[in-house]
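Trainee:
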Amino acid sequence: MKQHTLGQSFSFSGIGLHTGKPVRLCVSPAPAGSGICFNRTDLVSSMVPARVEYVAQTRRATSLSCQGVKVLTPEHLLAALWAMGVDNARIDLDAPEVPILDGSARPYAEAIQAAGLVEQDAERDVLIIKKPFVYEDRRSGSRIVFEPSASTVFDVTIDFDSKVVGVQHAVFDESTDFASQIAPSRTFCFLQEIKLLMRLGLIGGGSLDNALVIDEPNGYYGGGKPLFDNEPARHKLLDLLGDFSLAGRPLRGRIVAYKPGHKVNTQALKHYLDTL
Ligand SMILES: [Zn+2]
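Structure (structure tokens):
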């Protein structure tokens with residue numbers, strides 16, 4: 002199958018979830034073979050390729066860093082580009098953090114649909130899982146399993162010590178409509194951890210407009226209603242797709258994730274790529 006880029010550019014303005022900083026972002030078509038690359042327009046030397054070797058931090062979100070240039074919280078935009086088949090795009094932004102918008106990838110997915118895709122004159126280089134591989138984080142109990150499969154499947158189970166969330170399951174495969182089924186799921190956090198996150202400066206741009214807040218054991222805080230019964234699991238699946246997009250190419254195989262998170266996702270991918 003051939004590589005694809007966007008039919009036209011699209012832009013967003015917003016604030017970063019963690020930094021609270023205003024940012025303007027423009028996603029544009031890019032040449033075949035160039036992959037997905039960020040460009041910090043507020044800095045002179047500023048390209049950051051969306052690849053796992055540039056992962057710098059994974060606390061609450063994934064951040065990339067290349068020669069001192071950082072891009073924070075790229076995962077929802079990257080998930081939308083990857084899941085919707087965009088191989089090459091250039092992402093200009095004028096601040097460190099990608100805008101959180103409504104906490105989901107829906108605005109990005111809709112913009113990609115509106116821009117359309119254009120076939121390019123180069124074949125896709127697909128990452129084919131040829132043998133099983135397991136990565137475990139003993140401390141968190143998280144586990145990511147790679148298995149050969151004729152099609153692409155991401156299978157996520159979350160398991161929170163929570164009456165509201167508990168154990169949930171979500172799947173993305175080739176029959177899933179990413180834009181309507183996965184992209185709309187919003188980021189979430191627990192009311193009880195908000196004070197700590199504020200003290201750590203991790204939610205400078207957080208609000209009920211861009212996060213589902215869980216008030217344990219009562220339900221969703223502030224009248225928030227989940228869009229799907231398993232919206233938290235779908236969001237973890239969205240994050241997993243964004244993190245795995247850092248392979249820099251499409252993937253064929255089955256990924257089974259138990260208690261995924263940005264750290265275990267990116268570590269598992271790095272270790273898997275090291276075995277090739
Ligand atoms: Zn997320």
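Numbering-wise (the working numbering), the sequence shown opens with residue 2 and increments by one.
In this text, a Cβ means the ideal position worked out from N, Cα and C, and glycines have one as well.
Since we're looking at a predicted model, the values are computed, not measured.
(1) Take SER105 and list the residues in its own chain whose beta-carbon comes closer than 8 Å to its own, dropping the five residues that flank it on each side.
(2) Does the stretch 83 to 91 come close enough to the stretch 5 to 21 that 3 or more CB-CB pairs lie under 8 Å?
(3) What are the boundary residues of the alpha helix (DSSP H) that PHE245 is part of?
(4) Would you decide whether GLN114 is buried or exposed? Buried here means 16 or more other CB atoms lie within 10 Å of its CB.
(5) When the Cα of LEU203 is compared with those of THR267, ARG61, ASN219, which residue comes out closest?
(6) Going along the chain, which unbroken runs of the beta strand (DSSP E) with 3 or more residues stay wholly within the stretch 124 to 190?
(7) When you compare the stretch 151 to 164 with the stretch 249 to 260, are there three or more beta-carbon pairs, one atom per stretch, that lie closer than 8 Å?
(8) My understanding is that LYS71 touches PRO97, with C-beta atoms under 8 Å, so please give their C-beta distance in whole angstroms.
(9) So SER46 and ALA57 are supposed to be a Cβ contact under 8 Å. How far apart are they, rounded?
(10) Beta-carbon separation of ALA171 and ASN231 under 8 Å?
(11) So, at 6 Å on beta carbons, what are the nonlocal neighbours of GLY223 in its own chain, with the 5 sequence-adjacent residues on each side left out?
Mentor: Taking the structure as given:
(1) The answer, listed in chain order, is HIS77, ALA184, PRO185, SER186, ARG187, THR188, HIS236, LEU239.
(2) Contact annotation: the stretch 5 to 21 touches the stretch 83 to 91, with at least three C-beta pairs closer than 8 Å.
(3) Residues 232 to 245.
(4) With fewer than 16 Cβ atoms within 10 Å of its Cβ, GLN114 is classed as exposed.
(5) If we check each option's Cα against that of LEU203, ARG61 comes out closest.
(6) Unbroken beta strand (DSSP E) runs of no fewer than 3 residues, entirely contained in the stretch 124 to 190, are found at 134 to 138, 143 to 148, 154 to 160, 168 to 174, following chain order.
(7) Inter-segment contact for the stretch 151 to 164 and the stretch 249 to 260 is present: three or more beta-carbon pairs are separated by less than 8 Å.
(8) Contact annotation, LYS71 with PRO97: C-beta distance approximately 5 Å; criterion of less than 8 Å satisfied.
(9) Distance from SER46 to ALA57 at the Cβ level is roughly 17 Å; contact not present, criterion being Cβ atoms closer than 8 Å.
(10) Yes.
(11) Listed in chain order, the non-local C-beta contacts of GLY223 below 6 Å within the same chain comprise LEU209, local neighbours out to five positions each way being set aside.
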